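Please read the structure below before turning to the comments.
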Amino acid sequence: MVSRGGGESQRRRARTCAGSHAPLLSAWGLPLHAVDNLVAMPRVLAATWWLFGSTVLAGVVLRPWAGDELHVTRYTGYLMPWLLLGLVPGAAWACLRRRWALAAVLGASAATIVSLQAHLFRPRPSAPAHGAIALRVMSYNTWATNLDATRIASVVLRYRPDVLLLQEIRGDVLSRFTEAASGLYAGAPLHLVYDPDLEQAIVSRYAIEPAASLARKGNVQKVVLCAPGARVTVFNVHPPRSGGWRHRYTQISALVDEDVLREDGPVILGGDFNAPDRSQLYERVSSALANAHAQRGLGFGFTYPALVRSPFGPVPTVPLVRIDHLFFSDHFVAVRAGTLDDSGGSDHRPVFVELAPKAGAARSSVAAGHD
């Protein structure tokens, strides 16, 4: 009797909560348990947003100490901008329902993320006017399954970099690319170094001296660029996705400590890092070198995935993360940096930076050489 009375009481409360919609629900012939479900929905939403908001808040708060060690801190960092799509509507809903504690948790998480990402949208200071652009640098993962060398060349020809770092490019595709891009430097010779084992290439308007292939330090191709007025050490990296983030971090950390920091002259390091800007790997490199997008880019500059596979072939999509980066030593200062919209059939969008000699850096007196 008590149980039956309690059930009847819950139904009456359900009808009361349904309010003016009860006649309409009855007209539709909805059973009482459906009305109960509709009334219970706010509780389900509240529980879901409590779980989501508290998880995000924990990830944001713990990240400075835990880094990428915990799943919650790692993926909170990786997906940080996209978490706002759940936090902001949740906070608004909680306010409308007068669930102030929930609104506070969701709002605090959203406010923290906004504060961490706001610098990407602040106007940058004026570009330095003390010298001409020294080098245009571009990093481009062309995608191993992308065989359209003509499209790849069209992207490169549109930007015309002095230094081009290529990842995931097969030898036959590279041969066709060099033919299609033969006019890259207006009749001047195109200098090229290719590592068939890594499937990585460095193309330049200036002579290149091959230096090393460092497969155990993040699949790194190292060369010395003989630019006018300076010799620039260039690292083209593509740490493997296999092995997890810690394996990539260990390899790139060794590269920074044992190779990058031992260079006295100008250094450029770029490629597909398979790590976003809120990762320990990125933070390790940026502790030694400046990042192009952080210094002169605007917005998120997402690069991956530009395409996704489907049964009907590659389909264009909106990139979700920025895992392609360009770094440089303090011999340079970035004049302009960004992400190109055209992926040329790749699942990555190319990134670029225009570098100028930094005032007072004697060794960075690289002369301009553009068409």
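Numbering (this note's numbering), first residue to last: 275 to 645.
Each residue gets a CB set at the ideal place from its N, CA and C atoms; glycine is no exception.
Quantities reported herein were computed from a predicted structural model and do not represent experimental measurements.
In terms of residue numbering, what span does the beta strand (DSSP E) encompassing residue 601 cover? 598-602
Looking at residue 534: is its Cβ nearer than 8 angstroms to the Cβ of residue 563? yes
Pull the bridge partners of residue 468 from the DSSP assignment, please. 475
Sequence-distant residues of the same chain with beta carbon closer than 7 angstroms to residue 595, five excluded per side: 352, 550, 576 and 578
Option in 437, 519 and 506 with minimal Cα separation from residue 605: 506
Would you call the segment 613-627 and the segment 409-427 in contact, with 3 or more CB pairs under 8 angstroms? yes
Neighbour-count burial assignment, residue 294, 16 or more Cβ in a 10 Å radius: Unreliable placement is indicated for residue 294, whose pLDDT of 47 sits below 50; the coordinate value is still reported in the next sentence. Under this definition residue 294 is an exposed residue.
What is the rounded straight-line gap between the Cα of residue 467 and the Cα of residue 482? 7 angstroms
Taking a contact to mean a Cβ-Cβ separation below 8 angstroms, would you say residue 600 touches residue 544 in this structure? yes
Where the beta strand (DSSP E) through residue 509 begins and ends: 504-511
Expected contact under 8 angstroms - CB spacing of residue 358 and residue 327 to nearest Å: Wrong, their Cβ atoms sit about 12 angstroms apart, outside the cutoff.
Measuring CA to CA, which of 569, 476 and 379 is closest to residue 464? 476
Of the listed residues 633, 445, 556 and 501, nearest to residue 597 (C-alpha basis): 556
Below 8 angstroms, can you find three or more Cβ-Cβ pairs linking the segment 418-429 to the segment 509-525? no
Between residue 581 and residue 589, how many whole angstroms is the CB-CB distance? I'm expecting something under 8 angstroms. 6 angstroms
Using C-beta distances below 7 angstroms, list every residue in its chain close to residue 574, excluding the 5 sequence neighbours before and after it, in chain order. 355, 394 and 596
Buried versus exposed, by CB contacts within 10 Å (16 or more), residue 345: exposed
Closest Cα partner of residue 409 within the set 552, 572, 541 and 571: 541
When the distance is taken between beta carbons, is residue 559 closer than 8 angstroms to residue 530? yes
Any idea if residue 449 is buried or exposed, counting beta-carbon neighbours within 10 angstroms, 16 or more meaning buried? exposed
Is residue 548 closer than 8 angstroms to residue 513 when the C-beta atoms are compared? yes
Contiguous alpha helix (DSSP H) assignments of at least 4 residues, all confined to the segment 310-360: 345-352
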